[in-house]
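Residue numbers (UniProt numbering): 1 to 232.
For glycine and all other residues, C-beta sits at the position ideal for the given N, C-alpha and C.
All of these numbers come straight from a predicted model, not from anything done at the bench.
See below for the structure under consideration.
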DNA sequence: AACAGAGCCAACCGCGGCGCG
DNA sequence: ACGCGCCGCGGTTGGCTCTGT
């Protein structure tokens, strides 16, 4: 993977190119495609004033020819304060693996436990790095090799989303969690261990307390110290 | 140097849930 | 109770760069 400085430089070039494209657009239809620096600035200003809610009105107030959805996505993935851009650390990667094992493809929930990371970033990282690595390790294991790390993640080899039905239930119970990064939500979650069956035997593989895991009341917004409790 | 395929990431799309009138 | 609009989520795609041949 290329160093992130280069990555951001690339993005700047792309942004300039897309700016030209946008300039050529007539203003009748809703803009799609890459965001320009100007659009970013407008969106940031309006969001700072009005808060990150009511995206449709934010889009209108900013004078952006964008749908609210697009504004929300741009804000969450790029403009939001405290966004952490750059390499995923080993600790974060390990955490992603564990959380994915626990939650499946609940990217927003996983992102909620990784300060400064976005669901999109984690999803991309999973799809481009981790899923492949897991598949490789699984193949190796089937051939005959075995090690601790393989054993840890061996239950994650299902196609993403295959147990969403079960997890929608969890999602419903923990809906607030995804906004935890913004601050103060304290959640009371029913134990996932009572789901039983299929993939959720995963939970029993993890030696953690689910209630404890989703109790955000004792942590600051942007630290990873809490992770240590769950790493072994 | 030119090309093809792989890798990566930002953004879009479709769907479900929720709140409000 | 119902319909509508908005929000949030996960899946997917588009387009650029990188790497190998």
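| Check | Outcome |
| --- | --- |
| Buried/exposed call for residue 63, threshold 16 Cβ in 10 Å | exposed |
| Where the alpha helix (DSSP H) through residue 97 begins and ends | 90-103 |
| Backbone secondary structure at residue 76 - three-state DSSP | helix |
| Close-in-space but distant-in-sequence residues of the same chain around residue 50 (CB under 7 Å, 5 per side omitted) | 58 and 61 |
| Buried versus exposed call for residue 46 [16 or more other C-beta atoms within 10 Å across all chains shown] | buried |
| Test item: CB-CB of residue 74 and residue 35 under 7 Å | yes |
| Residue 117 beta carbon less than 7 Å from that of residue 235 | Outside the shown range of the chain, which is 1 to 232, sits residue 235, and nothing can be said about it. |
| Residue 97 vs residue 110 beta-carbon contact at 7 Å | no |
| DSSP-derived helix/strand/coil call for residue 117 | coil |
| Reduced DSSP category for residue 238 - H, G, I as helix; E, B as strand; rest coil | Only positions 1 to 232 of the chain appear in this structure, which leaves residue 238 out of reach. |
| Whether residue 31 touches residue 65 by CB criterion (7 Å) | yes |
| For residue 112, the first and last residue of its enclosing alpha helix (DSSP H) | 107-112 |
| When 124, 55, 121 and 114 are compared against residue 72, the one with the closest alpha-carbon | 55 |
| C-beta atoms of residue 94 and residue 108 nearer than 7 Å | no |
| Reduced DSSP secondary structure (H/G/I, E/B, other) of residue 130 | helix |
| Where the alpha helix (DSSP H) containing residue 47 begins and where it ends | 37-50 |
| Classification of residue 202 by the beta-carbon crowding that lies within 10 angstroms, buried from 16 upward | Any reading at residue 202 must be qualified, since the residue scores a pLDDT of 44, below 50, and its modelled position is unreliable; the value itself is stated next. Buried, since its Cβ has 16 or more Cβ neighbours within 10 Å. |
| Residue from 131, 53 and 48 whose Cα sits closest to the Cα of residue 104 | 131 |
| CA-to-CA distance, residue 128 to residue 33, given in whole angstroms | 22 Å |
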